[in-house]
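Asks: The sequence shown runs 1 to 167 under the UniProt record's numbering. Ideal Cβ placement from N, Cα and C applies to all residues, glycine included.
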Amino acid sequence: MSKVLFLDIDGVLNSNFWKDSHQTEISDGALIDEEKIKLLASLVKETNSEIILHSGWRFWFDTELKPLCTEANKLVELLEKENLYISGVTPDLTTEEIRKTKKFSLVKADEILLWINLHNSVTDWVVLDDLDLHSDQIKQHQVKTDQTIGLTLENVKQAVKILSDNK
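(1) Can PHE6 and VAL160 be called in contact, C-beta distance under 7 Å?
(2) DSSP state of GLU50, grouped into three classes?
(3) Quick check: LYS36 and GLY150, are their CB atoms within less than 7 Å of each other?
(4) According to DSSP, GLY88 sits in a beta bridge with which residue or residues?
(5) Mapping the DSSP letters down to three states, classify VAL4 as helix, strand or coil.
(6) Between which residues of its own chain and ALA72 is the CB-CB distance below 8 Å, once the five residues before and five after are set aside?
(7) Return helix, strand or coil for VAL160, following the three-state DSSP convention.
(8) Where do the N-terminal and C-terminal ends of the beta strand (DSSP E) with GLN140 fall, by residue?
(9) Check whether the segment 46-57 and the segment 83-90 touch, using three or more Cβ-Cβ pairs below 8 Å as the test.
(10) Compute the Euclidean distance between the alpha carbons of LEU93 and THR63, then round it to the nearest angstrom.
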């Protein structure tokens with residue numbers, strides 16, 4: 001493993017649910033946009049990178065990355081259509097307070113950096129997320145998607161550049 005793509009789901013592989021409340025829950029995985037999956041596939045194939053899930057969706061998988069609910073199962077099915085697979089998930093550093101307030105962005109950067117430190121074979125990495133992850137180190141590697149649009153071709157080009165530049 002040398003190139004890693006840290007993948008968030010909401011605001012990256014979907015966008016339709018970002019209505020006024022911003023906290024609308026996804027009911028059945030139907031809001032995963034298959035066009036966004038195809039864009040993701042082009043990125044993964046061009047860079048030969050592995051997908052590490054750093055989304056809250058990672059809690060919908062067991063320790064062997066088997067889906068535990070309909071949403072996760074639908075995500076896996078859509079990824080597999082494009083020959084994509086989740087290789088791992090970031091560790092959980094959330095606290096009860098963070099879970100209550102849903103301020104996951106406060107620990108996402110630390111979770112990603114911890115994962116990288118535990119996997120010393122990583123040479124290049126990129127983060128796809130619609131949130132500000134409050135870290136200068138992460139910012140250099142992040143492609144920040146627009147939550148109202150999700151992943152775009154321009155985002156993919158930016159991610160390819162990040163994964164191709166040896167820093």
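Replies: If we stick to the structure as given:
(1) No, Cβ-Cβ distance for PHE6 and VAL160 is not below 7 Å.
(2) Annotated three-state conformation of GLU50 is strand, per DSSP.
(3) Their beta carbons are under 7 Å apart, which means LYS36 touches GLY150 by this criterion.
(4) DSSP output for GLY88 lists ILE52 as bridge partner(s).
(5) Strand at VAL4.
(6) Excluding residues within five positions, the ones whose Cβ falls inside 8 Å are GLY29, TRP57, TRP60 and PHE61.
(7) VAL160 falls in the helix class under three-state DSSP.
(8) Segment: none, GLN140 is in no beta strand (DSSP E) and carries neither H nor E.
(9) Touching, yes.
(10) Counting only the Cα atoms, THR63 lies some 16 Å from LEU93.
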